[in-house]
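Protein sequence lines correspond, in order, to chains A and B. Start counting the first sequence at 3; every next residue gets the next number (my numbering). Start counting the second sequence at 10; every next residue gets the next number (my numbering). Worksheet: one structure, shown below.
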Amino acid sequence: MNPLINAKIPAGDIAEKWENHKFSMNLVNPSNKRKFEIIVVGTGLAGASAAATLGELGYRVKAFTFHDSPRRAHSIAAQGGINAAKNYTNDGDSVHRLFYDTVKGGDYRSREANVHRLAEVSVNIIDQATAQGVPFARDYGGLLDNRSFGGAQVSRTFYARGQTGQQLLIGAYSALMRQVAAGTVELHSRAELLDVVTKDGQACGIVTRDLVSGEVTPHSAHAVVLATGGYGNVYFLSTNAMMCNVTAAWRAHRKGALFANPCYTQIHPTCIPASDDFQSKLTLMSESLRNDGRIWVPETKADNRGAGDIPENERDYYLERKYPAFGNLVPRDVASRNAKTVVDAGHGVGPLANGVYLDFSGAIARDGLDAISAKYGNLFDMYQRITGENPYQTPMRIYPATHYTMGGLWVDYNLMTNVKGLYAIGEANFSDHGANRLGASALMQGLADGYFVLPYTIGDGLAGQLGSDPVPTTDPVFTQAIAGVNDTNRRWLATNGTKSVDHYHRELGRLVWDNIGMARNKAGLQQAVTDIPALKEEYHKNVRVLGSADTLNQSLEKAGRVADFFELAELMARDALQREESCGGHFRDEHQTPEGEAQRDDENFAHVAAWEWTGEGNTPTRHQEELTFDNVALSQRSYK
Amino acid sequence: MSNNAEIINVTIKVWRQDGPTSEGRFETHQQAISTHASFLEMLDLLNESLNDQGHEPIAFESDCREGICGTCGVMINGRAHGPQKATATCQLHMREFSDGDEIVIEPFRASGFPVIRDLAVDRSPLDRIIESGGYITVNTGAASDANLTPVPKEASDQAFDAAACIGCGACVAACPNSAGQLFTAAKIGHLNLLPQGQAERWKRTENMVETMEEFFGSCTNHGECSEACPKEISLDFIAFMNRDYLKAKVKNRALTGQK
Chain A
3 MNPLINAKIP AGDIAEKWEN HKFSMNLVNP SNKRKFEIIV VGTGLAGASA
53 AATLGELGYR VKAFTFHDSP RRAHSIAAQG GINAAKNYTN DGDSVHRLFY
103 DTVKGGDYRS REANVHRLAE VSVNIIDQAT AQGVPFARDY GGLLDNRSFG
153 GAQVSRTFYA RGQTGQQLLI GAYSALMRQV AAGTVELHSR AELLDVVTKD
203 GQACGIVTRD LVSGEVTPHS AHAVVLATGG YGNVYFLSTN AMMCNVTAAW
253 RAHRKGALFA NPCYTQIHPT CIPASDDFQS KLTLMSESLR NDGRIWVPET
303 KADNRGAGDI PENERDYYLE RKYPAFGNLV PRDVASRNAK TVVDAGHGVG
353 PLANGVYLDF SGAIARDGLD AISAKYGNLF DMYQRITGEN PYQTPMRIYP
403 ATHYTMGGLW VDYNLMTNVK GLYAIGEANF SDHGANRLGA SALMQGLADG
453 YFVLPYTIGD GLAGQLGSDP VPTTDPVFTQ AIAGVNDTNR RWLATNGTKS
503 VDHYHRELGR LVWDNIGMAR NKAGLQQAVT DIPALKEEYH KNVRVLGSAD
553 TLNQSLEKAG RVADFFELAE LMARDALQRE ESCGGHFRDE HQTPEGEAQR
603 DDENFAHVAA WEWTGEGNTP TRHQEELTFD NVALSQRSYK
Chain B
10 MSNNAEIINV TIKVWRQDGP TSEGRFETHQ QAISTHASFL EMLDLLNESL
60 NDQGHEPIAF ESDCREGICG TCGVMINGRA HGPQKATATC QLHMREFSDG
110 DEIVIEPFRA SGFPVIRDLA VDRSPLDRII ESGGYITVNT GAASDANLTP
160 VPKEASDQAF DAAACIGCGA CVAACPNSAG QLFTAAKIGH LNLLPQGQAE
210 RWKRTENMVE TMEEFFGSCT NHGECSEACP KEISLDFIAF MNRDYLKAKV
260 KNRALTGQK
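Pasting the structure below:
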């Protein structure tokens, strides 16, 4: 086995692995916990829940967020819900079924043992959140309500109106603030990680920049936890928040942490299409709309009649036509790819011909305006606020957009990267979703990692360090890291080119979307491997970052983040190029069934690709972690 | 509302301030913009052209641009989050404006929210209020089964109405007294309405109200806070908080098992 990527999966039956592992791990006794310092970077669901829980256990925690408040993290924008195998609806759900659905939904590219543990602790998350006061939806008897979600045949999704992420984050944030008040967690807000510091192959701290004063500060600890989210903003336009970035994970990667499956990105089918070139981000409309809306495009190319003027027999309800059984409810990746196909063929609608119609006129005629408004009123209002169009009268226009990234830092079963003492949790790691994440599973994984997995596994790593102090911040490893950060900032400010950071980010996004987007092919990916470094070189020579490093300087912040996106984008292209199969969010034109569905190659690609940084300008090394499926039979998905 | 994008020309009068202790000033710019653009995209474009001309871009904060994270927020023509009701700054679009309009953009103005730079302010007092009691004490792992305690749907729904607060601080900025009542009341209401929140109800209320008073002004029932609130949090929560605060002060709390 490759020593770099030993997943350390415990032996035994799948249902007993986690239980056995908890027993066999080393413990840190309660009075010794205060002797350990832990850094947690990021305060979204994963980071806030981890920092709070580690503080409760008695560790000395330093929590970092680059927001003004921990509560701003992008977990807050999750709408739909959170899965848990509670089986409150008595419809046959179980830990095993949630495990099975998640492995299948991930198109058989995740680690069975991790997913099973996720399903096991899912039930505890609901208990914990409810006790914290998260106002989940309830029925008239006062008990919790559930709804169904894509990729499952049971109702296991808990939700809080359309703001489940917000409410769960407020719960985790309040738990975190309780520990801040108790003095177990030291909170650093408006502090951005700019380097991960290692000594003798072990993580010993980080370097941050205070975004207000510009001060660059070292922080040391016995362990470093990255909970810094996904990298969807590599596309420039995505449903991610403006500040979401890959910097923390990428700087860890450059310090030796392997980056796994970067080509696994998820495109969400129902977003509002871009309205102009200056568009800053895309907004997601809940997938639930596909329950009542019918998707169509005009049969005639470049048809510029209004939707209402196009007669029924000149409309192509392409999903209903191609997938009579599932129709408009095919999974996310299938719906997205088909939208791309019709738009690329010239059937797109809207001012930029970049969308497809999602039409509610049939549902309104059938159920009445009031019924549709009761179900989707808030979404319709949001759509109207953004587009200025009334979706009760004209069909919505939708188009897919990047939404989530399944790839991330490679971690073992303990959620530790291959760098000792460096952990990655939540969307920042790669572990649980395989090549495709099911709806309502992101919140589940973030909180599982933070509340119920990392707090156990981190003790195992710390126990051996009892009696040793963290590396002092006066150590050369820290002074060198600080000097590096200051040098880089000075270089950005001295470049004095002609174009803004945003300009290059937008250009990069276009390249990535065109070549490493919903459907990829060899020629495009090879093109990307050459074009991205060329644009990166121009960026470094010609970007213009004004102002100073000693004040709030948002251009300077973005300059570093976009530089990291350039390097990640190149790795995504290489990863996609080498994965000669289609699976989940990774679709290669060359690998499809005669019906145009994703064609996996289990014989050659049932593995994790974990990439090692080999230095600036060098080709990275690809390592493989073989995946074994002992509990789930591999099968081809079909939605006909 | 029209579906057709038009280009309008607006005059932007925007507050510039180099740092917390620097003196501020208004700067005037002209900007042509499509009515499909969001207000913040208009600022993005303005920043891009400032940068191209060698002028430092205007510092302003935003993140999700979906109206849920609460990061954005500026005064637009004297109104927190601008003219559209129940809309955070990031969800405001230029079709709310007309060709030739002058738009005055300032940071949230409140002594509790010192300016950091240009339109960015420090809202950390809101975190201090949460720290003082905006939580339910339950360690991870200590929770009983979620369905053990039924919560009446009405209570849960009302708690949700309060919990919808996004912590943007528009309530403070809109208030002539810079009072923090609506934010604090929303947080207290969320937890005090739920059975899980009862054990710490009186202590929580007292601590949060008194921490709020360290940073913010007094409430004189103007109601501007609720008008400006992007989530339309009701003034009723302030009444509920005041009632709970009074009760917290007069209750013999030893008898309810709380200090």
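The beta-carbon is built from N, C-alpha and C at its ideal position, and this holds for glycine as well.
According to the Cβ coordinates, are residue i and residue j closer than 8 angstroms?
i                        : j                           : result
arginine 111 (chain A)   : glycine 364 (chain A)       : no
glycine 79 (chain B)     : glycine 176 (chain B)       : yes
tryptophan 412 (chain A) : phenylalanine 261 (chain A) : yes
valine 63 (chain A)      : isoleucine 40 (chain A)     : yes
glutamate 114 (chain A)  : phenylalanine 432 (chain A) : no
glycine 143 (chain B)    : lysine 196 (chain B)        : yes
leucine 360 (chain A)    : proline 313 (chain A)       : no
alanine 179 (chain B)    : proline 134 (chain B)       : no
alanine 183 (chain B)    : alanine 89 (chain B)        : yes
Do you know offhand how far residue i's Cα is from residue j's?
i                        : j                          : result
glutamine 100 (chain B)  : phenylalanine 48 (chain B) : 8 angstroms
serine 557 (chain A)     : aspartate 591 (chain A)    : 38 angstroms
histidine 542 (chain A)  : glycine 448 (chain A)      : 35 angstroms
valine 199 (chain A)     : histidine 224 (chain A)    : 12 angstroms
asparagine 251 (chain B) : glycine 390 (chain A)      : 40 angstroms
alanine 139 (chain A)    : glutamine 130 (chain A)    : 15 angstroms
lysine 10 (chain A)      : histidine 625 (chain A)    : 16 angstroms
alanine 635 (chain A)    : methionine 384 (chain A)   : 42 angstroms
threonine 214 (chain B)  : alanine 257 (chain B)      : 7 angstroms
glycine 586 (chain A)    : isoleucine 7 (chain A)     : 23 angstroms
Check whether chain A comes within 8 angstroms of residue i, counting only Cβ atoms and requiring the distance to be less than that.
i                        : result
leucine 191 (chain B)    : no
threonine 220 (chain B)  : no
glutamate 223 (chain B)  : no
histidine 102 (chain B)  : yes
isoleucine 145 (chain B) : yes
serine 133 (chain B)     : yes
proline 161 (chain B)    : yes
histidine 90 (chain B)   : no
serine 235 (chain B)     : no
Does any CB atom of chain B fall closer than 8 angstroms to the CB of residue i?
i                           : result
arginine 563 (chain A)      : no
alanine 554 (chain A)       : Alanine is not the amino acid found at residue 554 (chain A); the sequence shown has leucine there. Cβ-Cβ to chain B under 8 angstroms: yes for leucine 554 (chain A).
isoleucine 128 (chain A)    : yes
serine 222 (chain A)        : no
phenylalanine 651 (chain A) : Outside the displayed range of chain A (3 to 642) lies residue 651 (chain A), so it cannot be described from this structure.
valine 182 (chain A)        : yes
aspartate 278 (chain A)     : yes
isoleucine 400 (chain A)    : no
proline 393 (chain A)       : no
histidine 588 (chain A)     : no
alanine 225 (chain A)       : no
lysine 283 (chain A)        : yes
For residue i, which option in the options has the closest C-alpha, if you only look at C-alpha atoms?
i                        : options                                   : result
isoleucine 21 (chain B)  : B:Pro29, B:Glu70 and B:Leu52              : B:Leu52
alanine 318 (chain A)    : A:Gly598, A:Phe261, A:Arg307 and A:Val344 : Position check: residue 318 (chain A) holds aspartate in this sequence, whereas alanine was assumed. The shortest C-alpha separation from aspartate 318 (chain A) is found at A:Val344.
asparagine 18 (chain B)  : B:Gly33, B:Gly109 and B:Ala97             : B:Gly109
isoleucine 172 (chain A) : B:Ala41, B:Glu140 and B:Tyr254            : B:Glu140
aspartate 212 (chain A)  : A:His69, A:Gly144 and A:Ile11             : A:His69
lysine 538 (chain A)     : A:Glu122, A:Leu554, A:Ala521 and A:Tyr506 : A:Tyr506
threonine 45 (chain A)   : A:Ile269, A:Asp109 and A:Arg73            : A:Arg73
leucine 495 (chain A)    : A:Ala561, A:Ala442, A:Val336 and A:Pro326 : A:Ala561
tyrosine 378 (chain A)   : A:Arg163, A:Ile128 and A:Leu570           : A:Arg163
asparagine 330 (chain A) : A:Gly295, A:Val351, A:Thr302 and A:Gly310 : A:Gly295
alanine 65 (chain A)     : A:Gln181, A:Gly216, A:Pro264 and A:Phe238 : A:Gln181
glutamine 281 (chain A)  : B:Ser43, B:Glu70 and B:Phe225             : B:Ser43
asparagine 420 (chain A) : A:Val105, A:Met446, A:Ser470 and A:Gly258 : A:Gly258
Per DSSP, residue i is paired with what?
i                           : result
aspartate 361 (chain A)     : A:Arg296
threonine 404 (chain A)     : A:Ile269
phenylalanine 480 (chain A) : BP columns for phenylalanine 480 (chain A) are empty, so no partner.
asparagine 85 (chain A)     : A:Thr159
asparagine 431 (chain A)    : A:Leu411
methionine 84 (chain B)     : B:Ala89 and B:Glu115
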